[in-house]
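Undergrad:
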Amino acid sequence: MVIPILDLLPIINNVPKNKELTYRQILEKAIQLSGMLSGMEQLEALKAFVEAMVNENVSLVISRQLLTDFCTHLPNLPDSTAKEIYHFTLEKIQPRVISFEEQVASIRQHLASIYEKEEDWRNAAQVLVGIPLETGQKQYNVDYKLETYLKIARLYLEDDDPVCYARVLDYRRKFIEAAQRYNELSYKSIVHESERLEALKHALHCTILASAGQQRSRMLATLFKDERCQQLAAYGILEKMYLDRIIRGNQLQEFAAMLMPHQKATTAD
């Protein structure tokens, strides 16, 4: 049953009209015949469909729309089949990922849901982290980004990974919350000494970047009294902020050079 479906795919490229309709019919056929095809046959048919869609000979308008339709069908398949197809699709799309950002985001959301059902929290989180919420060409709305970031943070917490959770807070520019998490990590005896100092450095940077308020004042006091901070490059700014002294322009430039891109974007607001 699968062979006629596969044989049609290369022929369609030579048909001048109704390619989209024909591709859609083949996709629906591959989905609907799940009870008649073996698991391997259905996988083969769906993988062949994906390869046809990412082929540069297919119009981008057609391939985007059909991959969107493809994503709506896959959640109806058994999780084991859908998971394999999701991974295969992400691999095949990767060379042209900029052209399919919306479809990739949808695939990653569905794939993360499967991992979440399996209670594989770490893989679920890592799949979602792969969505280029800030760096891609597609502009995601604030609600979608916030929901995704919160889900990633929750998954990392389920996996008992406080380091990743702190990084998520940092990346979301929740600087005072990130600073508190980083500072807690800097005291964990199970963490290597060099990593504890790295966590302390991030705590210091995030505190400096945080909005003014009681929480930041408390963190400034905590870090200023922590003798370990004296060996950090940004200690001079910490000292001046805590003592309410003027920070020179050259010091700000030096501090800016230490920051990550998302942190620099915040300081420019």
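Counted from 1, the sequence shown has number 288 at position 65 by the working numbering; the numbering is strictly sequential. Quick reminder that beta carbons are idealized off the backbone N, C-alpha and C, glycines included. Note that the coordinates shown come from a computational prediction; the quantities given were computed from them, not determined experimentally.
1) Of all the options Arg396, Leu420, Glu324 and Lys397, which has the alpha carbon lying nearest to the alpha carbon of Glu407?
2) Does the pairing of the segment 400-419 with the segment 358-377 give three or more beta-carbon distances under 8 angstroms?
3) What does the alpha-carbon distance come out to for the pair Leu290 and Ala275?
4) Measuring CA to CA, which of Gln403, Tyr394 and Leu432 is closest to Leu356?
5) Determine whether the beta carbon atoms of Leu427 and Leu392 lie at a separation below 9 angstroms.
6) Nearest by alpha-carbon distance to Ile316: which of Leu446, Ile330, Ala433 and Tyr246 is it?
7) Over what stretch of residues does the alpha helix (DSSP H) that includes Pro385 continue unbroken?
8) Considering only residues of the same chain and omitting the five flanking positions on each side of His333, which have a CB-CB separation below 8 angstroms?
9) Using alpha carbons as the reference points, say which of Glu381, Leu283, Arg441 and Tyr465 lies closest to Ile399.
10) Return helix, strand or coil for Glu279, following the three-state DSSP convention.
11) Measure from the C-beta of Ala271 to each C-beta in chain D and report whether the shortest distance is under 9 angstroms.
12) Alpha carbon to alpha carbon, how far is Leu269 from Tyr367?
13) Out of Arg468, Ser303, Cys429 and Gln453, state which residue places its alpha-carbon closest to the alpha-carbon of Met481.
14) For the candidate residues Ala457, Asn346, Arg468 and Asn278, whose alpha-carbon lies nearest to that of Glu477?
15) Taking Val350 and Tyr338 to be in contact with their CB atoms under 8 angstroms, please state how far apart those CB atoms are, rounded to whole angstroms.
16) Going by DSSP, what residue range makes up the alpha helix (DSSP H) through Met483?
TA: Well, looking at it:
1) Ranking the options by Cα distance to Glu407, first place goes to Leu420.
2) With the cut-off at 8 angstroms, the segment 400-419 and the segment 358-377 do not touch.
3) Whole-angstrom Cα-Cα distance: 10 angstroms.
4) Nearest in C-alpha terms to Leu356, of all of Gln403, Tyr394 and Leu432, is Tyr394.
5) No; because the gap between Cβ atoms is not below 9 angstroms, this pair is not in contact.
6) Checked all of Leu446, Ile330, Ala433 and Tyr246; the closest Cα to Ile316 is Ile330.
7) Note, Pro385: alpha helix (DSSP H), Pro385 to Tyr394.
8) Short of 8 angstroms from the beta carbon of His333, and not among the five residues preceding or following it, lie these beta carbons of its own chain, in chain order: Cys294, Leu297, Pro298, Ala305 and Tyr309.
9) When only C-alpha atoms are compared, the closest one is Arg441.
10) In the three-state DSSP reduction, Glu279 falls in the coil class, being neither helix nor strand.
11) In the displayed structure, chain D is absent; only one protein chain is listed.
12) Between Leu269 and Tyr367, the C-alpha separation is close to 29 angstroms.
13) Closest by alpha carbon: Cys429.
14) Residue Ala457 is the option with its Cα nearest to Glu477.
15) The C-beta distance from Val350 to Tyr338 rounds to 6 angstroms, short enough to fall under 8 angstroms.
16) Bounds of any alpha helix (DSSP H) do not take in Met483, whose DSSP letter is neither H nor E.
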